[in-house]
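Counting in my numbering, the sequence shown runs from 42 upward without gaps. See below for the structure under consideration.
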Amino acid sequence: MKGAIAVLVILGLVLGTAWWTVDVAATRPHPAIVEELLHETMEHAVRRSAAAIVAPPLDEAALVTDGADHYFAMCEGCHAGPGVEPSELAQGLYPPPPPLHEEEEWSDAELFWITKHGIKASGMPGYGPTHSDEALWAIVAFVRTLPGMTPAAYEPFRPAAGSGHDHGAHGHAHGGHEHGSSDPGADPAGAVADEHDHHHGHDDHDHGEHAH
Ligand code: HEC
């Protein structure tokens, strides 16, 4: 009985202290020991959760290129890339999104799990609800080539400015309008996309097939 009361008192003290002292500002990092503990916990949880996943072969060049396309639309804004500075959004996040080209911490299966499920209470989104496993494996195929990649090797993968590969922007903002205003005879890609109304497939990369 005495033991139970002692435990309750200690628990109350811990929670009470947390209530008055925890700082949720994203601009002020956790103390190093807390940060370490949280990262270790996250790492262990990912490894445990991904243990049963078997990765398919990911070396095929077409898969890597497809994944690169997704990477620019869905990941670069936070994780940057070789020779690319982190965006303002990325600089404001805590925990910060690590540059994936500077670390080689995860197996293919673990990269897949993180991309599919995201990481709770961080800015890392889970893309499982919006993307097929096929698309997610393509992303993994590209991400696993990032560690050590030079800016010169990275650059050719990047879409040219204004070429419309950014499905985040054009997929949602212009998807309908483009089809309505274009001449169907002159735009066979647009005409095909019209038949699948949730597809935004008016560029060569057709992100529509991955359920956007
Ligand atoms: C809105 C910002 C954001 C976007 C977009 C984003 N991430 Fe993340 N990501 C994060 C943050 C923040 C973390 C750090 C989480 C943590 O440390 O707990 C993270 C962590 C990760 C990690 C674990 C890295 C490590 O070693 O701790 C991987 C791998 C990853 N993201 C892959 C991706 C991929 C692949 C994409 C695109 C499909 C992506 N992320 C898109 C914010 C983002």
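Where is the CB? At the ideal position from N, CA and C, for every residue including glycine.
Tell me, please, whether the stretch 182 to 196 touches the stretch 112 to 131 by the rule of three or more beta-carbon pairs shorter than 8 Å.
yes
Cβ-based burial, Ala47 [other Cβ within 10 Å; buried from 16]:
Residue numbering aside, residue 47 sits at position 6 when the sequence shown is read from its first letter. Label assigned to Ala47: exposed.
Put Pro108 into one of helix, strand or coil per three-state DSSP.
The count along the sequence shown starts at 1 and reaches residue 108 at position 67. Per the sequence shown, the amino acid found at residue 108 is Gly instead of Pro. In this structure, Gly108 counts as helix in the three-state DSSP scheme.
Residue range of the alpha helix (DSSP H) that includes Tyr135:
Within the sequence shown, numbered from 1, the residue matching residue 135 stands at position 94. Tyr135 -> no alpha helix (DSSP H), and no H or E assigned at all.
Under a three-way DSSP split, which group does Val125 fall into?
Position 84 of the sequence shown, counting from 1, holds the residue named residue 125. Strand at Val125.
Status (buried if at least 16 other CB within 10 Å, exposed otherwise) for Asp149:
On the sequence shown, residue 149 is found 108 positions in, with the first residue counted as 1. Buried, since its Cβ has 16 or more Cβ neighbours within 10 Å.
Take every Cβ of the stretch 108 to 116, pair it with every Cβ of the stretch 179 to 188, and state whether three or more of those distances are shorter than 8 Å.
Between the stretch 108 to 116 and the stretch 179 to 188, the count of C-beta pairs closer than 8 Å reaches three or more; the two stretches touch.
Taking all protein chains shown into account, do 16 or more other C-beta atoms lie within 10 angstroms of the C-beta of Met115, making it buried, or fewer, making it exposed?
The residue labelled residue 115 in the question sits at position 74 within the sequence shown. Met115 sits buried, since 16 or more C-beta atoms from the chains shown fall within 10 Å of its C-beta.
Integer-rounded CB distance, given that Leu134 should sit under 8 Å from Ala67:
For the purposes of this step, residue 67 is taken as the residue at position 26 of the sequence shown. For the purposes of this step, residue 134 is taken as the residue at position 93 of the sequence shown. Under the criterion of beta carbons closer than 8 Å, Ala67 and Leu134 qualify as touching, at roughly 7 Å.
Go to Phe183, then tell me how far its alpha helix (DSSP H) extends in each direction, as first and last residue.
Position 142 of the sequence shown holds residue 183. Counting along the chain, the alpha helix (DSSP H) containing Phe183 begins and ends at Asp174 to Val184.
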